[in-house]
Amino acid sequence: MAILSSARANQVSQESTRWRGGVFTQYLLEGLQSGADNDRDGKVTVDELFRFVRDSVDRETNGRQQPVLSGVKYEELVISELGG
0 MAILSSARAN QVSQESTRWR GGVFTQYLLE GLQSGADNDR DGKVTVDELF RFVRDSVDRE
60 TNGRQQPVLS GVKYEELVIS ELGG
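Going by numbering that gives the first Met the number 0, the letters in the sequence shown line up with residues 0 to 83, in that order.
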């Protein structure tokens, strides 16, 4: 089981119309739809998705919101297959 939280415990999730709602949700959906497929193998792993969401949210909020993944690495766990 992987738990991907939108922010650290002491942070507030940022929302704005520029992100069509929440910044976390914006980049989570973008990542699942191919944005996180760094190695271009047609699959998005939990690790790829987390790195994409974490980096994007951190950049967009100037560090005010930092997503968190539960403590285990999930490099091989595929969460989305692209194409079809």
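Beta carbons are placed, not taken as given, at the ideal position from N, Cα and C, and that holds for glycine.
Own chain, CB closer than 8 Å to residue i, minus 5 neighbours either side, in chain order
i, result
"LEU31", "VAL43, LEU48, ILE78 and SER79"
"LEU27", "LEU3, LEU48 and VAL52"
"GLY41", "GLU80, LEU81 and GLY82"
"ARG19", "GLN25"
"GLU14", "GLY20, GLY21 and VAL22"
Residue nearest to residue i in terms of C-alpha spacing, selected from the options
i, options, result
"THR60", "ARG50, GLY21 and ALA35", "GLY21"
"ASP54", "ALA8, ALA35, VAL11 and LEU76", "ALA35"
Contact with chain B by residue i, beta-carbon distance below 9 Å
i, result
"ILE78", "The structure shown has no chain B; it contains just one protein chain."
Buried or exposed by the 16-neighbour rule on C-beta atoms within 10 Å, applied to residue i
i, result
"ALA6", "buried"
"GLN56", "Per the sequence shown, residue 56 should be read as Val rather than Gln. Under this definition VAL56 is a buried residue."
"VAL11", "exposed"
"ASP38", "exposed"
Whole-number beta carbon distance between residue j and residue i, since they are thought to touch under 8 Å
i, j, result
"LEU68", "ALA1", "7 Å"
Item to complete: Starting from the N-terminal side, write out each stretch of the beta strand (DSSP E) that is 3 residues or longer and does not extend beyond the segment 31-59.
Response: 42-44
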